[in-house]
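Asks: Handing you this structure, nothing more for now.
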Amino acid sequence: MLAHSLRLFGRISVTRIWQTPILRCMSSASNLHPMIQGFTGKLQQPKFAVSPNEIRILSKPTQFYSQILDMIRRAQTRIFISSLYLGSSESELVSAFTDALNKKPELQIHMLFDLNRSTRPGPRSTAKLLAPLVSQFPDRVHVSFFRSPSLRGILAKLVPPRFNEGWGTWHAKIYGVDDEVMISGANLNQSYFTDRQDRYIHFAGQRHLSQYCFDFIKTVSGFSFKLQSPSSRGSTGPHSFRDREYEISWPIPETHPHHIHTTAELALSSLQNNYCPTVPEHHDAKKVTLIPLIQAGQFNIRDEETALKMLFEHLNAESKGNRPLLDLTSGYFGLYKEYQNLILQSSNIDCRIVASSPRANGFYGSSGISGRIPEGYTLLEQRFMNAVQRANRQSSVHLNEWKKEGWTYHAKGIWISEAAGRPPMLTLFGSTNLNSRSAHIDTELSFLMLVPESSASDSLRRQLADELDNLRAHSSPWKGADREVRLGTKALVSLVGGML
Numbered sequence: 368m369l370a371h372s373l374r375l376f377g378r379i380s381v382t383r384i385w386q387t388p389i390l391r392c393m394s395s396a397s398n399l400h401p402m403i404q405g406f407t408g409k410l411q412q413p414k415f416a417v418s419p420n421e422i423r424i425l426s427k428p429t430q431f432y433s434q435i436l437d438m439i440r441r442a443q444t445r446i447f448i449s450s451l452y453l454g455s456s457e458s459e460l461v462s463a464f465t466d467a468l469n470k471k472p473e474l475q476i477h478m479l480f481d482l483n484r485s486t487r488p489g490p491r492s493t494a495k496l497l498a499p500l501v502s503q504f505p506d507r508v509h510v511s512f513f514r515s516p517s518l519r520g521i522l523a524k525l526v527p528p529r530f531n532e533g534w535g536t537w538h539a540k541i542y543g544v545d546d547e548v549m550i551s552g553a554n555l556n557q558s559y560f561t562d563r564q565d566r567y568i569h570f571a572g573q574r575h576l577s578q579y580c581f582d583f584i585k586t587v588s589g590f591s592f593k594l595q596s597p598s599s600r601g602s603t604g605p606h607s608f609r610d611r612e613y614e615i616s617w618p619i620p621e622t623h624p625h626h627i628h629t630t631a632e633l634a635l636s637s638l639q640n641n642y643c644p645t646v647p648e649h650h651d652a653k654k655v656t657l658i659p660l661i662q663a664g665q666f667n668i669r670d671e672e673t674a675l676k677m678l679f680e681h682l683n684a685e686s687k688g689n690r691p692l693l694d695l696t697s698g699y700f701g702l703y704k705e706y707q708n709l710i711l712q713s714s715n716i717d718c719r720i721v722a723s724s725p726r727a728n729g730f731y732g733s734s735g736i737s738g739r740i741p742e743g744y745t746l747l748e749q750r751f752m753n754a755v756q757r758a759n760r761q762s763s764v765h766l767n768e769w770k771k772e773g774w775t776y777h778a779k780g781i782w783i784s785e786a787a788g789r790p791p792m793l794t795l796f797g798s799t800n801l802n803s804r805s806a807h808i809d810t811e812l813s814f815l816m817l818v819p820e821s822s823a824s825d826s827l828r829r830q831l832a833d834e835l836d837n838l839r840a841h842s843s844p845w846k847g848a849d850r851e852v853r854l855g856t857k858a859l860v861s862l863v864g865g866m867l
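Heads up: the sequence shown runs through residues 368 to 867, numbered per the working numbering.
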């Protein structure tokens with residue numbers, strides 16, 4: 368592996384990595400179902416070949432938490448994590464980090480979170496939880512906080528901490544150690560470990576995939592704030608600030624944190640476009656293809672949007688009399704308008720959707736304005752189903768709602784099957800909610816996984832089918848048409864609909 372640092376400007380550098388086992392350009396993939404053959408060759412993002420027996424799909428929050436703890440305990444040289452935040456009660460995770468650092472002198476930890484969520488006022492914010500770890504291991508623990516530049520000017524001073532996430536968050540979810548990585552949509556908080564349903568896909572022994580995820584975190588950390596001990600530096604630099612227990616420093620004083628758009632676009636584009644410029648001569652037809660998709664609309668990076676448009680167009684054109692089945696789910700079903708149009712206009716594709724019921728929405732029962740959010744999603748669902756009716760797609764587009772007593776719903780993604788009753792041959796998984804927020808203001812990382820037609824992949828396709836069946840088992844036909852949406856909620860959605 369040959370690494371080369373590309374310096375953009377300021378103090379940011381992007382690592383280019385040349386790795387022959389990664390696929391960059393595949394004009395065709397004869398191992399895939401004919402319905403999706405040729406699709407991957409249209410995508411320019413890095414492509415990773417992974418053995419299907421090294422992929423495990425988890426189904427329960429408790430499995431997700433146990434896997435994270437097990438990974439931390441067996442880490443040897445590096446732990447790399449990206450999440451929205453670390454929950455205020457997660458002292459066991461912090462203790463696991465501390466134990467691993469004490470036992471493994473060579474171990475380094477790199478973590479990336481959202482700044483606004485991680486520094487909310489309160490006794491146990493993410494920053495406060497991790498500050499002692501940074502103080503104890505200043506050269507081995509590296510914690511960065513991304514801040515969306517969309518909230519700036521007078522609004523940055525006026526918007527209360529509880530609502531400043533409406534202008535964008537760091538939303539990518541990566542949990543990795545050494546050469547293994549788990550991709551999810553779940554955050555590091557108690558509910559995600561117990562009674563909040565999500566998706567979790569673990570990859571073992573994946574040096575190249577893990578290195579990509581690590582480089583992705585390092586790239587964004589280059590234009591993110593740093594967590595430091597309040598006594599580790601002298602006076603704070605421009606745009607940095609102090610709390611009694613920690614300091615948040617800005618690493619590139621010559622660039623204002625509100626003006627990182629060009630920096631971020633260049634860095635993320637370079638990561639995707641230059642990660643692997645060579646193609647292996649032979650690709651094992653039994654291996655699964657993984658394609659990372661970055662969606663960062665505020666930085667003009669729209670991999671997910673481009674890939675899904677290509678996928679719908681390809682499926683609609685290649686169905687040739689067969690009707691592929693698309694399953695889609697989102698805990699926050701405010702489906703991005705472009706994706707709505709793709710569903711409504713793809714007359715050769717059947718579509719089943721699972722959304723959160725109001726009671727399974729994480730904001731259900733919240734006080735103040737946020738308590739109206741589930742009702743706001745009901746309004747968006749009503750509008751979508753009205754559009755389905757106008758497009759005369761009622762027989763081929765179905766909406767269900769997920770409900771499980773005492774649980775909330777946070778799963779998201781897409782599955783493609785060649786027909787109803789057949790196991791999926793493709794899935795999209797990761798952090799995206801497939802809504803307007805994900806498209807325009809949050810920063811997301813998701814993956815397309817294309818599974819070949821081979822006996823070696825039968826088990827993985829069954830895992831995907833089981834995952835989908837488990838989610839649908841708690842769903843029932845949508846009842847939102849009969850739910851009342853108050854006038855105040857309609858006004859709220861008209862004002863902030865793109866933030867839902």
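Glycine included, C-beta positions come from ideal geometry on N, C-alpha and C.
#1: To the nearest whole angstrom, what separates the beta carbons of LEU594 and VAL510, a pair I think is in contact under 8 angstroms?
#2: At what residues does the beta strand (DSSP E) containing PRO844 begin and finish?
#3: Could you check if PRO790 is buried or exposed, using at least 16 other CB atoms within 10 Å of its CB as the buried criterion?
#4: Verify whether the separation of the beta carbon atoms of ILE710 and LYS414 is less than 7 angstroms.
#5: When you compare the region 418–426 with the region 653–670, are there three or more beta-carbon pairs, one atom per stretch, that lie closer than 8 angstroms?
#6: Are three or more beta carbon pairs between the region 799–810 and the region 538–550 nearer than 8 angstroms?
#7: Kindly give me the distance between the Cβ atoms of ALA442 and GLN662, rounded to whole angstroms, as I take these residues to be in contact under 8 angstroms.
#8: For SER517, I'd like the list of residues in its chain whose CB is within less than 8 angstroms of its CB, leaving aside the five on either flank, ordered along the chain.
#9: DSSP beta-bridge partners for LYS593?
#10: Starting from the C-beta of ASN715, find all residues in its chain whose C-beta is less than 6 angstroms away, skip the five residues before and the five after it, and write them out in chain order.
#11: Tell me, please, whether the region 551–569 touches the region 451–460 by the rule of three or more beta-carbon pairs shorter than 8 angstroms.
#12: State the Cα-Cα distance for the pair ASN641 and ARG669, rounded to the nearest angstrom.
#13: Would you mind giving the Cβ-Cβ distance between GLY847 and GLN712, rounded to the nearest angstrom? I have them listed as a contact below 8 angstroms.
#14: Quick one: any contact between the region 763–781 and the region 488–503, if contact means 3 or more CB pairs under 8 angstroms?
#15: Using a 10 Å radius around the Cβ and a threshold of 16 neighbouring Cβ atoms, would you call LEU854 buried or exposed?
#16: Where do the ends of the beta strand (DSSP E) carrying MET752 lie?
#17: How would you label GLN761, buried or exposed, when you count the other beta carbons within 10 angstroms and need 16 or more for buried?
#18: So for ASP694, helix, strand or coil by DSSP?
#19: Helix, strand or coil, according to DSSP, for ASP358 in the structure here?
#20: Does chain D have any CB closer than 7 angstroms to the CB of LEU859?
#21: With DSSP as the reference, label LYS471 as helix, strand or coil.
#22: Kindly indicate which residue of HIS681, LYS676, ARG719 and PRO691 has the alpha-carbon position closest to the one of ALA703.
#23: At which residues does the alpha helix (DSSP H) containing HIS807 begin and terminate?
#24: Would LEU793 and TYR706 qualify as a contact pair, given that the criterion is a beta-carbon distance under 7 angstroms?
#25: Would you mind sorting GLU547 into buried or exposed? The rule is 16 or more other CB atoms within 10 Å of its CB.
#26: Residues bridged to ASP717 by DSSP?
#27: How many angstroms separate the CA atom of SER577 from the CA atom of VAL544?
#28: Counting only the same chain and skipping the five closest in sequence on each side, list residues whose C-beta sits under 6 angstroms from that of THR493.
#29: Buried or exposed: ARG374, going by 16 or more other Cβ atoms within 10 Å of its Cβ?
#30: Could you spell out the range, first to last residue, of the alpha helix (DSSP H) harbouring MET677?
#31: Give the secondary structure of MET866 by DSSP, where H, G and I count as helix, E and B as strand, and everything else as coil.
#32: For HIS681, collect the residues of the same chain with a Cβ closer than 8 angstroms to its Cβ; drop the 5 residues on either side in sequence, then sort them by chain order.
#33: Is it true that the CB of THR745 sits closer than 7 angstroms to the CB of VAL818?
#34: Identify which residue in PRO597, PRO472, THR622 and GLU621 has its Cα closest to the Cα of ILE615.
#35: Could you tell me the distance, in whole angstroms, from the CA atom of ILE584 to the CA atom of PHE512?
#36: Check the C-beta distance from TYR699 over to LEU867 and give it rounded, since I have them as a contact under 8 angstroms.
Replies: Looking at the coordinates:
#1: Rounded, the Cβ-Cβ distance is 4 angstroms, consistent with contact.
#2: 842–844
#3: buried
#4: The criterion of a C-beta distance shorter than 7 angstroms is not satisfied by ILE710 and LYS414.
#5: yes
#6: yes
#7: Actually they are not in contact, since the Cβ atoms of ALA442 and GLN662 sit about 29 angstroms apart, beyond 8 angstroms.
#8: Around SER517: TRP534, GLY535, GLN665 and ILE808.
#9: SER511 and SER616
#10: ASN683 and SER686
#11: yes
#12: 16 angstroms
#13: Not quite, the Cβ-Cβ distance comes to about 23 angstroms (not below 8 angstroms), so this is no contact.
#14: Pairwise C-beta distances place the region 763–781 out of contact with the region 488–503, as fewer than three of them are shorter than 8 angstroms.
#15: Its Cβ having fewer than 16 others within 10 Å, LEU854 is exposed.
#16: Looking at the DSSP string, MET752 is not in any beta strand (DSSP E); the run it does join, the alpha helix (DSSP H), is 740–757.
#17: exposed
#18: strand
#19: Within the shown structure, residues of the chain are numbered from 368 to 867, placing residue 358 beyond reach of any answer.
#20: Judged by its chain identifiers, the structure shown contains no chain D, having just a single protein chain.
#21: coil
#22: Per the sequence presented here, residue 703 reads as Tyr, with Ala not at that position. That would be LYS676, whose Cα lies nearest to the Cα of TYR703.
#23: 803–807
#24: In this structure, TYR706 does not lie closer than 7 angstroms to LEU793 by Cβ.
#25: Buried, since its Cβ has 16 or more Cβ neighbours within 10 Å.
#26: ASP717 pairs with LEU692.
#27: 8 angstroms
#28: TYR452, LEU453, PHE480 and SER485
#29: In this prediction, ARG374 scores a pLDDT of 45, lower than 50, which makes its location untrustworthy; no coordinate-derived value is stated.
#30: 670–685
#31: helix
#32: ILE403, GLY405, PHE406 and LYS409.
#33: no
#34: Nearest C-alpha to ILE615: PRO597.
#35: Using only the alpha carbons, I get a separation of about 11 angstroms.
#36: 7 angstroms
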